[in-house]
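Okay, so here's the structure we're looking at.
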Amino acid sequence: MKMLKAALAAVVVAASPALAEYPEREVLGVVMWGAGGATDTVARAVNPAAEEALGKPIVVLNKSGGAGAISTAFVNAAPADGYTFLYGAENPQLHGVMGVSDIDYGDMYPINILGRGVGVIAVPADSKYQTLSDLLGDISANPGSVKMGSTGPGGLPSTIGALISNATDFDVTAIPFDGEGPGLTAMLGGEVDFMPTGISAAAEQIKAGNMRALAVVNPEPVDTLPDVPAITDTIPEMSRFLPWGPFYGVFVRAEVPDDVKATLTEAFSTAATDETFLELMANRGNVVMNMSGQEAVDFLAKWQQVTVWALQDTGAAKVNPEELGIARP
Numbered sequence: 028m029k030m031l032k033a034a035l036a037a038v039v040v041a042a043s044p045a046l047a048e049y050p051e052r053e054v055l056g057v058v059m060w061g062a063g064g065a066t067d068t069v070a071r072a073v074n075p076a077a078e079e080a081l082g083k084p085i086v087v088l089n090k091s092g093g094a095g096a097i098s099t100a101f102v103n104a105a106p107a108d109g110y111t112f113l114y115g116a117e118n119p120q121l122h123g124v125m126g127v128s129d130i131d132y133g134d135m136y137p138i139n140i141l142g143r144g145v146g147v148i149a150v151p152a153d154s155k156y157q158t159l160s161d162l163l164g165d166i167s168a169n170p171g172s173v174k175m176g177s178t179g180p181g182g183l184p185s186t187i188g189a190l191i192s193n194a195t196d197f198d199v200t201a202i203p204f205d206g207e208g209p210g211l212t213a214m215l216g217g218e219v220d221f222m223p224t225g226i227s228a229a230a231e232q233i234k235a236g237n238m239r240a241l242a243v244v245n246p247e248p249v250d251t252l253p254d255v256p257a258i259t260d261t262i263p264e265m266s267r268f269l270p271w272g273p274f275y276g277v278f279v280r281a282e283v284p285d286d287v288k289a290t291l292t293e294a295f296s297t298a299a300t301d302e303t304f305l306e307l308m309a310n311r312g313n314v315v316m317n318m319s320g321q322e323a324v325d326f327l328a329k330w331q332q333v334t335v336w337a338l339q340d341t342g343a344a345k346v347n348p349e350e351l352g353i354a355r356p
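Take any residue in the sequence shown, note its place counting from 1, add 27, and you have its number in the numbering used here.
Written out as structure tokens, the structure is:
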């Protein structure tokens, strides 16, 4: 009998597959914005190196809409197994105060904050606005008539607009598009007069002569566009918000197992040092951060505090940050 039990046990062990190490198949990386935008560009630049480090393919899916809320909800509704992650930007940190969604990065786990960008005020090359002063003068003289490209409430353009409006007259009509790429394309087609955007989304068009940058949203010029003046040259009051900018990162559901989080964190930490990725980030005017763990959690919290209260103080916030438990910094 003992021999029979042992034999049966051996059969059971042999028939039971060993627990597979993550990942055992391809992984899905969901990009928050449409193709050609800043988030998409950063995601596709780091993706090959992340695939190599992870040892499995990463399928990239663009899922725009709702200023990033649709993709964030999609990832949070996926199984918490690490096979679906978000290539996200800063937008979810603003969704609560903008009344867009009740999910932000405090509900997720930051695998890696890859880097941050610098904003720029862009116009078509043939625009009548030669300087930021020209644009602001027209906005002041004709409230509501100047059209600004946007990506919806809580998006980068609308947030930069809120910061500017807290420093000077800025009564514009915002026209929303599904991402910075589509918005900039629409601007070149004459649908809007200007668009605040990330340098990473506009740099190539600026260098090609299709667009002009009136100012960088930074306290000093940046290496990528050294001849473009800082926004504080025209609006000194902006200095209290700066440095500030969009950021790009990789996020999963908080419930994903710790060992899977660790595997993804290691893969993207390695990928963020890839020479091709570093070169693209430098060419696009982005600052590489390669930040994870508690450092990333702290960065996200502070960024949210500063930005949502700027929106609150300009009257742009639909929900008081205090109601969401976000203390004034």
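Glycine residues also receive a C-beta, built at the ideal position from the N, C-alpha and C atoms.
- For K345, DSSP records no beta bridge to any residue.
- Under the three-state reduction of DSSP, T111 is assigned to strand.
- In this structure, A76 sits near F304, with a CB-CB distance shorter than 8 Å.
- C-alpha of V283 to C-alpha of I258: approximately 41 Å in a straight line.
- Annotation for V287: no beta strand (DSSP E) segment contains it, though the alpha helix (DSSP H) segment containing it runs D285 to A298.
- Note on geometry: alpha-carbon atoms of G93 and L327 lie some 20 Å from one another.
- If you look at S128, you'll find it isn't in any alpha helix (DSSP H); DSSP assigns it neither H nor E.
- The alpha-carbon separation between P184 and A47 amounts to approximately 44 Å.
- Burial check for E117: the Cβ neighbour count within 10 Å reaches 16 or more, so the residue is buried.
- Between T99 and A105, the gap from beta carbon to beta carbon reaches 8 Å or more.
- Per DSSP, L163 lies in no beta strand (DSSP E) segment; the continuous alpha helix (DSSP H) that holds it begins and ends at L159 to A168.
- In the DSSP assignment, A77 falls within the unbroken alpha helix (DSSP H) covering A65 to L81.
- For V102, there is no enclosing beta strand (DSSP E); the residue is part of the alpha helix (DSSP H) that begins and ends at A96 to A104.
- Here T200 is bridged, per DSSP, to K174.
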